[in-house]
Amino acid sequence: SGAAISTAVVRALAQFYGQQITPAAISDLVYEVEKLYHGTPSGIDNTVIAYEQPVYFIRQQPIERLPVGRAFILVVGDTGQVSPTHKAVGHVRRQWQADPQRFESLFAEAGRIAATARTIIEQGGPGATLGALMNDNQAVLAAMGVSSPELDRLIEAARQAGAWGAKLSGAGWGGNMIALVEPETAPAVSDALLKAGATGCIITEVVPS
4 SGAAISTAVV RALAQFYGQQ ITPAAISDLV YEVEKLYHGT PSGIDNTVIA
54 YEQPVYFIRQ QPIERLPVGR AFILVVGDTG QVSPTHKAVG HVRRQWQADP
104 QRFESLFAEA GRIAATARTI IEQGGPGATL GALMNDNQAV LAAMGVSSPE
154 LDRLIEAARQ AGAWGAKLSG AGWGGNMIAL VEPETAPAVS DALLKAGATG
204 CIITEVVPS
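Using our numbering, the letters of the sequence shown map in sequence onto residues 4 to 212.
#1: For the segment 126–140 against the segment 53–69, are there 3 or more C-beta pairs whose distance is under 8 Å?
#2: Which one or two residues does DSSP pair with K170 in a beta bridge?
#3: For S150, which of A28, I29, T82, T25 has the nearest alpha-carbon?
#4: Comparing the CB of T43 with every heavy atom of the ligand MG, is any distance shorter than 7 Å?
#5: Going by beta carbon distance, what residues of the same chain come within less than 7 Å of I29, once the five residues before and after it are set aside?
#6: Return the CA-CA distance between Q104 and A111, expressed in angstroms with no decimal places.
#7: Ends of the alpha helix (DSSP H) at F110?
#8: Helix or strand or just coil, what does DSSP make of I205?
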């Protein structure tokens, strides 16, 4: 991602000039770069990449480390569709301004889902339960208008191939989606995504911490 490249550049410059730099300082600098590209970034990308570990992030609140209670297998599918983050963010902002009551309700639901998912991840809870929350979150994101036909197609293909849950990743309107799977179903889900039009797939593991 752009945040990963920016983080690498900041670290390289710090090393070149013989400077020690903390993850918090790296995150702050990369966030400034993100603002140049995205306008109003969430702050999630720069935080996770700078700290190099899962975190629970709420804007304008202290960053909390997110322990992972058990391993989770993810399949990442690329739609091949490029969409600048600032466009999707701007769309949500305009829709919120037009209908604040509806969007505040959607934001609250997304927050509830995230808080419940946090507990499951920390406690190493059932993958099927976490997958269902991913599906719920995707429904909220679709209601916000940030999904796309390409994302919807890959998400449905992953679910049909046996994924516990699937959702878009990032701002939406293209980019990547992620599917939570059992280890033995990962290859089938990856194949299904490629057949559904994904330009690439990665199978990765979130390890306990």
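Beta carbons are placed, not taken as given, at the ideal position from N, Cα and C, and that holds for glycine. Every value quoted in this text rests on a predicted model; they were computed, and no experiment measured them.
So, from the data block:
#1: no
#2: I181
#3: T82
#4: Of ligands this structure carries none, so the ligand MG is not represented either.
#5: T10, V13, R14, A53
#6: 11 Å
#7: 103–126
#8: strand
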